[in-house]
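Single-structure report; data block below.
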Amino acid sequence: MNKALLTAVLLILLFTLVIAPAFGHPGSGIAVDRQGNVYFVDTGRGVWKVDKRGQLTLQGGSAFHWMAIDFNGRLAKTRWPGHSEPSAEIERVGVNPTLILSSDFPVTVGRDGALYYPELGSDQRVQVMRLTPAGDRSVLATLPAVSDGSALRWLNGIAAGPDGSIYYSENTAVRRISPQGAVSTIASKIAVPDCAQIPGATPNLGVFLRGLDVARDGTIYVAASGCGALLRITTRGKVTPVLRTTSPWSPTGVAVTPSYVYVLEYLHTASDDRREWTPRVRRLSPDGTVVVLATVERPRSTGPSRMK
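Here it is in structure tokens:
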């Protein structure tokens, strides 16, 4: 079995054994361009855009799980290495900015214009890869095989920081990789006070951290999907819930701008029909004001879409 096929099989097993029994796997990709337009993935339909007037429009792109934004389009023509299997696809949508959609692994674009994403190494340890616009690929860091007493099988989210570091989330931890590849812990064994577990969440997932983003001052915002909460983590590792949802709504992704924090949330259901997982976007202001920017309403027939 070649490496790419083995990776695909392991990913399928991972999602089957870890994610599926919990509450399915809705998307977690959300991004904001320099004009203030908000883009988010809808695992039941595709990619949506909310413009500055609040108008919601469906964009091109597959109904994948993760998304990154390439502001300058430097990766617009980069050749993707070794992800041609149906279980691990990646594609580009639009220009200025270019949205990078990923089916099976979280992605982010660093300040250096490179694409960062996880991959299983030959020893089955998780590696964080760096792909430059020129197509050069290297290993930024090989992550510890064991994390907080459990095997580290995959990453739930990944984000680029303003200092050139790469941050990633596990079920109950957020860690940092320096530009030199050194791995350190921001916060681990995270718990949410008064955690209101959403339907189907199992205790082994803990708070189930997923999408995250990093503000200019290094503050991290991360979706605690298992507890229906958005968390703020300071550079010193202090964790504070700053936004909660009402079950069965739960946050899956976050995008931070100098003015606002945007949160992608999904209505979780017991159904296996991902069109019943309806997304919405809420905006959190510095003064604590929360506004619902958009909620996707499902038509009776959504037509074909590529789903992963």
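Under the numbering used here, the first residue of the sequence shown is numbered 212, with each subsequent residue one higher.
We treat Cβ as the ideally placed atom computed from N, Cα and C, and that holds for glycine.
Bear in mind that the values here come from a model prediction, so they are computed numbers and not experimental data.
Worksheet item: Which partner residues does V491 have in the DSSP bridge list?
Response: Per the sequence shown, the amino acid found at residue 491 is Arg instead of Val. Its beta-bridge partners are E476 and T506.
Fill in: L180 in three-state terms, based on DSSP
Beyond the ends of the chain as shown, which are 212 and 519, falls residue 180; an answer cannot be given.
Worksheet item: How about L312 and I301: are their beta carbons less than 8 Å apart?
Response: Yes, they are a contact pair.
Worksheet item: So is S376 buried or exposed if we call it buried at 16+ other beta carbons inside 10 Å?
Response: S376 comes out buried.
Worksheet entry | Of the listed residues S458, C438 and Y432, nearest to G448 (C-alpha basis) | Of S458, C438 and Y432, the residue nearest in Cα terms is Y432.
Practice prompt. Note down the Cα distance separating R264 from D244, rounded to an integer number of angstroms.
Written response: In a straight line, the C-alpha of R264 is about 14 Å away from that of D244.
Discussion item. Please return the same chain residues whose Cβ sits closer than 6 Å to the Cβ of N382, not counting the five positions on each side in sequence.
Written reply: Residues L416, G417 and F419 of the same chain have their beta carbon placed closer than 6 Å to that of N382, with the five preceding and five following residues left out of the count.
Worksheet item: Going by alpha carbons, who is nearest to H276 out of R285, T457, V261 and G255?
Response: For H276, the nearest C-alpha among the options comes from G255.
Worksheet item: Do I409 and G368 come within 8 Å of each other at the CB atom, strictly closer than that value?
Response: No, the pair does not count as a contact, with Cβ atoms beyond the cut-off.
Discussion item. According to DSSP, simplified to helix, strand and coil, what is G257?
Written reply: DSSP places G257 within a strand segment (E or B) once states are collapsed to three.
Worksheet item: Is V258 near G272, with beta carbons less than 8 Å apart?
Response: Between V258 and G272, the gap from beta carbon to beta carbon is short of 8 Å.
Discussion item. Which residue wins for smallest C-alpha separation from A242, given the options L269, L267, Q266 and D281?
Written reply: When each option's Cα is compared against that of A242, the closest is D281.
Discussion item. For a quick check, are the C-beta atoms of A398 and V320 less than 8 Å apart?
Written reply: Contact: no.
Worksheet entry | Per DSSP, cross-strand counterpart(s) of Q270 | Bridge partners of Q270: V258.
Worksheet item: Does the distance from the C-beta atom of A287 to that of V306 stay below 8 Å?
Response: Note that the C-beta distance between A287 and V306 is below 8 Å.
Practice prompt. Go through its chain and collect everything with a Cβ distance to R455's Cβ below 7 Å, but skip five positions before and after it.
Written response: Only residues of its own chain outside the window of five on either side were considered, and among them G439 and A440 have a CB closer than 7 Å to the CB of R455, listed in chain order.
Item to complete: Answer yes or no: do P237 and Y473 have a C-beta to C-beta separation smaller than 8 Å?
Response: The answer is no: Cβ separation not under 8 Å.
Worksheet item: Is the CB-CB distance between T489 and R421 below 8 Å?
Response: Annotated as distal: T489 and R421, with beta-carbon spacing of 8 Å or more.
Discussion item. Excluding the 5 residues flanking W460 on each side, which residues of the same chain have their C-beta closer than 6 Å to its C-beta?
Written reply: Excluding its 5 nearest sequence neighbours in each direction, W460 has C-beta neighbours in its own chain below 6 Å: E476 and L478, listed in chain order.
Discussion item. Taking only three categories from DSSP, how would you classify G437?
Written reply: Looking at G437 - three-state DSSP - the assignment turns out to be helix.
Worksheet item: Tell me the DSSP bridge mates of D281?
Response: According to DSSP, which records beta bridges pairwise, D281 is partnered with T309.
Worksheet entry | Distance, L326 Cα to R485 Cα | Cα to Cα, the separation comes out at about 28 Å.
Discussion item. Based on DSSP bridge pairs, tell me the residues matched to P462.
Written reply: According to DSSP, residue pairing for P462 in a beta bridge involves E476.
Worksheet item: In three-state DSSP terms, what is R486?
Response: Helix.
Fill in: Supposed close pair V453, I444 - CB separation, criterion 8 Å
No, V453 and I444 are not in contact; Cβ-Cβ is about 10 Å, not under 8 Å.
Worksheet item: Sorted by chain position, which residues of the same chain lie with C-beta nearer than 6 Å to T500's C-beta, five sequence neighbours on each side aside?
Response: Shown here for T500: not one same chain residue has a beta carbon closer than 6 Å to its own, the five before and five after excluded.
Worksheet item: Terminal residues of the continuous beta strand (DSSP E) containing P452?
Response: Here the beta strand (DSSP E) through P452 covers V450 to R455.
Discussion item. I'd like the list of long-range same chain contacts for T268, defined as Cβ closer than 6 Å, with 5 residues on each side in sequence excluded.
Written reply: Excluding sequence neighbours, T268 sits near K260.
Practice prompt. Whole angstroms is fine: what's the gap from G346's alpha carbon to E330's?
Written response: Near 16 Å, if we compare the C-alpha coordinates of E330 and G346.
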